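Protein sequence lines correspond, in order, to chains A and B.
Here the first sequence is numbered in my numbering, starting from 1 and rising by one per residue.
Here the second sequence is numbered in my numbering, starting from 534 and rising by one per residue.
C-beta: ideal position from N, C-alpha, C; glycine also.
Please read all numbers here as calculations on a predicted model, not as lab measurements.
Notes follow the structure.
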Amino acid sequence: MSAEAPAAASRVDFARAFKDAAVAALLAFGLFLPLIGFETVQNIRNELVLETRWPLLFNFVALVTAAHLFGSLVVTPWRERRALARRRAEATPSQAPSWLGRLGRRLCYAIGLGVCFIGVVNFGSDLTEIIDFIGAPSAGAGFTVLAALLLTGFLIGVGYVFMRFGSGGAAAAGHLIGPAGVGFLVVFPVVALLGAGWGGAVKWIDNFGIQILIYVMLGLGLNIVVGLAGLLDLGYVAFYAVGAYSYALLAKTFGFSFWILLPLAGILAALWGVMLGFPVLRLRGDYLAIVTLAFGEIIRLVLINWVPVTNGYAGIGGIPRPTFFGIPFNASDQGFAAMLGLEFSPVYRIIFLYYVILGLVLLTAYVTMRLRRLPIGRAWEALREDEIACRSLGINTTNTKLTAFALGATFGGLAGSFFATRQGFISPESFSFMESALILSIVVLGGMGSQVGVGIAAIAMIGGTEFLRELDFLKAIFGSAFDPTQYRMLIFGSALVLIMIWKPRGLIATREPSAVFKEKKIISGSLVKEGRG
Amino acid sequence: MEVFVQQLINGITLGSIYGLIAIGYTMVFGIIGMVNFAHGDVFMVSAFIALIAFLVLTSFLGVGSILLALLIVLVVGMVFTSLVNWTIERFAYRPLRGSFRLAPLISAIGMSIFLMNFVQVAQGPRNKSTPPMIDGEFVLMGGEAYPVTLSYKQILIWVVTAALLAAFWYVVAKTSLGRAQRACEQDQKMAALLGIDVDRTISVTFIIGAAVAGTMYLIHYGVVSFADGFLPGVKAFTAAVLGGIGSLPGAVIGGLLIGLIETFWSAYFSTDYKDVAAFSILAITLIFLPQGILGRPDVEKV
């Protein structure tokens, strides 16, 4: 039996593979014929005329056929062989880790030790500056010292994670992913400054750092509603918009500062969360999703049409920038740089904004983490699992749902007011349904309910799409008219579908229990129900 | 009075188009209980296919008779749109059957984004307008000042809607395919045990659900762009919910209601908030009458 099985698995039915590929080619031809084979263009008299693109159509069909052949001739046999090998490995009792595994672990341990050592050396080399600073305090040296300390700490931290991995394996290192990620985020501006210089760092900190953190914050906020309470919300962007507009309008009209308006925007968004949450309490599942979508769109349409207040499509510009507790970030004598005796650079404002949003993200993550252990957090998760059981156990489902909505909305509002102050300009364009879909997909791809997952998914989705802007070398291949950013949403859409097929439970598919008896056990995500609402 | 009658005619036409799209939503929701979020974009793709087919017929092949051309466009549009919808079901939804509840919805959202941007990249972001396909109208009443007109294309849209509704109703109520569909709707596992090919039945539902709404939309407006899927899609979904999701006549009735409300709102109040009206109806219906006008109430089971 064991001699026959691999032979059967490795035998490839060529006739069948080619027949299937021919069918796929025919299908692809049918699918692409109208939209790829023909192009509708306006001629000089502004009439619509057709142009044919047969070579392109041929390429598409050829690509599909080749991919299909590759799949059935190479990938499928390989997967069958692998499955067979795995079955066999399960049948024989597992042995001690192979020499390769042991070597890998030792290597990890060695790398960890090395990185720690570099961290210590780095600290030593900065020691002179630290001593200088203590002797004659100056702001510029102070910043260098701070950066050096951050970097040292980070290097030692990374080394520690590697060492733990080397000595204890993946399970021991798993708990350190969160703290390691936070550590990296804290030193990220320093790393960016060292790596890209003062000019180049703006792009990294602003486009990648701040942009991604805004979405991490939105993802964490929505995670409370969708991941914990199991209420599918497709209109989350409404609260983001409420936060942004309330900051913009109140700051421009009354001149309040960012630090007063930040909590105010959160409270206003929470109010809207309750207002919109109240009517939908009775709905479940898909219906809830659609009603929240409708609410999100209504708010956007009101923003567009209520021109006297919101200025419609034109949006609101000149929104006050945040200040460093009263000290503005500008080139004047009263500015941040001048006060500290530094040379003026826009980088300071960017770094400050980065740490503000990082603080907000950490606050959101911390609050959520603590709430999960409180009765209300447990009620959310119980509600997600079974609403009827919840009600029969005496949990007030109305309050539970409303708090989830309100808290999710609060964080959305905070993120919104940060967004407004960072951009300096907001318009309804920024709050379309696509944003909601994007935030939802971050939560889902990360694995609903998982905070680390939200972070990873946000980096992959937002960082990935930002990354496309950098792919200028593709122009050399496809001609100068090729614009990779055009394909941003195309890739994003197909990624959503593909990841749903490949890993429907999201990237982090295990859940950590909030209450433990004796020892922690890892729960598979497939035991967790979602979105029954 | 003239204004009222004219708006009534316009509203019924618009409503017929919403109803046609809503049929697709309601059939798919009826059989697998899933909101096919990409349906609006499939219908936009369908309008593009109809546009290209029309241009091919008139400019490349030189079909003189406009009626013949439209008939061919209708058939070609149906065939290609069905192909698109079948492929989507096969690749994006079928692997997720039996997965957790949100998975197909999220996959559908991804598909919707994909289709929209695919068309944008493949055909360009501009509005595509055709020369009017059918000219001519009846003047029903009113004088020179405000003639109430009923155009040929409006009649065509009405007739197609009525014919398709009748055809679909016949399929669902009288044929063996319809019986299989109703069986799958009630209990997929039991249906499979009784020898019904569930996957095939669902595929066929997607194929006929794609229908001809795109062609009608193009005939009505004469212009289509890549972003035209979302809003009519949501309105058609509203129509399906309002009429009672899962019910074919309900979809058309809901579509007519939405079309009429939107038209009269625009005529008597303001066009600015007409979409707000549609969304509000959706929210109000779902909150107060979730089973819709013709739907069965959903019983919660433990």
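Can you confirm whether residue i, when its beta carbon is compared against all beta carbons of chain B, has any partner nearer than 7 Å?
i	result
Ile36/A	yes
Asp20/A	no
Ile501/A	yes
Gln486/A	yes
Ala15/A	no
Leu50/A	yes
Pro55/A	no
Leu222/A	no
Ile395/A	no
Asp30/A	As written in the sequence, residue 30/A is Gly, which differs from the Asp given in the question. Yes, Gly30/A counts as interfacial toward chain B.
Leu407/A	no
Against chain A, does residue i count as a neighbour if the rule is that its beta carbon must be under 7 Å from one of theirs?
i	result
Pro628/B	yes
Val835/B	Because the pLDDT at Val835/B is just 49, under 50, the model does not fix this residue reliably, and the point stays unresolved.
Phe613/B	yes
Leu775/B	no
Ala746/B	no
Ile688/B	no
Leu616/B	yes
Ile550/B	no
Ala625/B	yes
Asp805/B	yes
Ser640/B	yes
Met560/B	no
Identify the continuous alpha helix (DSSP H) that holds residue i and give its terminal residues.
i	result
Glu47/A	Run containing Glu47/A: none; DSSP gives neither H nor E here.
Val361/A	347-373
Gln719/B	709-719
Leu218/A	211-223
Leu561/A	Outside the shown range of chain A, which is 1 to 533, sits residue 561/A, and nothing can be said about it.
Tyr750/B	746-754
Gly742/B	731-743
Trp204/A	Here Trp204/A belongs to no alpha helix (DSSP H), and DSSP marks it neither H nor E.
Met461/A	That residue, Met461/A, is in no alpha helix (DSSP H); it is neither H nor E in DSSP.
Tyr247/A	237-254
Phe797/B	781-801
When you compare each of the options to residue i by their alpha carbons, which one comes out closest?
i	options	result
Leu69/A	Met369/A, Ala24/A, Ile267/A	Ala24/A
Ala437/A	Phe537/B, Ser645/B, Arg634/B	Ser645/B
Thr52/A	Pro179/A, Gly114/A, Phe58/A, Glu39/A	Glu39/A
Leu673/B	Thr694/B, Ser684/B, Val704/B	Ser684/B
Ala265/A	Ile177/A, Leu57/A, Ala415/A	Ala415/A
Ile439/A	Phe492/A, Ile395/A, Ile426/A, Val158/A	Phe492/A
Trp272/A	Val49/A, Ala289/A, Gly413/A, Ile442/A	Gly413/A
Thr663/B	Val756/B, Asp720/B, Ile735/B, Leu616/B	Val756/B
Thr738/B	Gly766/B, Tyr750/B, Trp702/B	Trp702/B
Leu698/B	Glu535/B, Gln687/B, Ala641/B, Ile550/B	Ile550/B
Met217/A	Asn399/A, Gln423/A, Ala91/A, Ser417/A	Ser417/A
Just reading off the beta strand (DSSP E) that residue i is part of, what are its end residues?
i	result
Ala323/A	In the sequence on display, residue 323/A carries Thr and not Ala. Note, Thr323/A: premise wrong, no beta strand (DSSP E); not H, not E.
Thr559/B	Run containing Thr559/B: none in the beta strand (DSSP E); it sits in the alpha helix (DSSP H), 535-565.
Met666/B	From DSSP, Met666/B is part of no beta strand (DSSP E); its letter is neither H nor E.
Leu683/B	681-684
Rounded to a whole number of angstroms, what is the C-alpha to C-alpha distance between residue i and residue j?
i	j	result
Tyr711/B	Ala725/B	Reading off the sequence, residue 711/B comes out as Gly, not Tyr. Between Gly711/B and Ala725/B, the C-alpha separation is close to 15 Å.
Glu622/B	Tyr558/B	13 Å
Val596/B	Phe587/B	10 Å
Met500/A	Gly548/B	35 Å
Phe278/A	Ser345/A	48 Å
Ile156/A	Leu149/A	11 Å
Leu262/A	Val186/A	22 Å
Ile826/B	Val538/B	25 Å
Leu846/B	Arg378/A	Outside the shown range of chain B (534 to 835) lies residue 846/B, about which nothing can therefore be said.
Val444/A	Arg505/A	8 Å
Gly227/A	Glu385/A	11 Å
Gln334/A	Phe770/B	57 Å
Ile304/A	Gly312/A	4 Å
Val454/A	Leu50/A	45 Å
Quick check: is any heavy atom of the ligand NAP less than 6 Å from the C-beta of residue i?
i	result
Phe802/B	For the ligand NAP, the structure offers nothing, since it holds no ligand at all.
Short-range partners of chain A found in the region 652-671 of chain B, where Cβ spacing is below 9 Å: Val652, Gln653, Val654, Ala655, Gln656, Gly657, Arg659, Lys661, Ser662, Thr663, Pro664
Residues in the region 779-798 of chain B having any Cβ partner in chain A nearer than 9 Å: With the criterion set as a beta carbon lying under 9 Å from some beta carbon of chain A, the region 779-798 of chain B has no members that meet it.
Near-chain A residues of the region 808-825 of chain B - C-beta to any C-beta below 7 Å: Under the 7 Å Cβ criterion, the region 808-825 of chain B contributes Asp808, Val809, Phe812, Ser813, Leu815, Ala816, Leu819, Ile820, Pro823.
Chain A contacts from the region 570-596 of chain B (Cβ-Cβ distance under 8 Å): Val578, Phe581, Ile582, Leu584, Ile585, Ala586, Leu588, Val589, Ser592, Phe593
Under 8 Å (Cβ pairs) to chain B, residues found in the region 286-302 of chain A: Asp286, Tyr287, Ala289, Ile290, Val291, Leu293, Ala294, Phe295, Glu297, Ile298, Leu301, Val302
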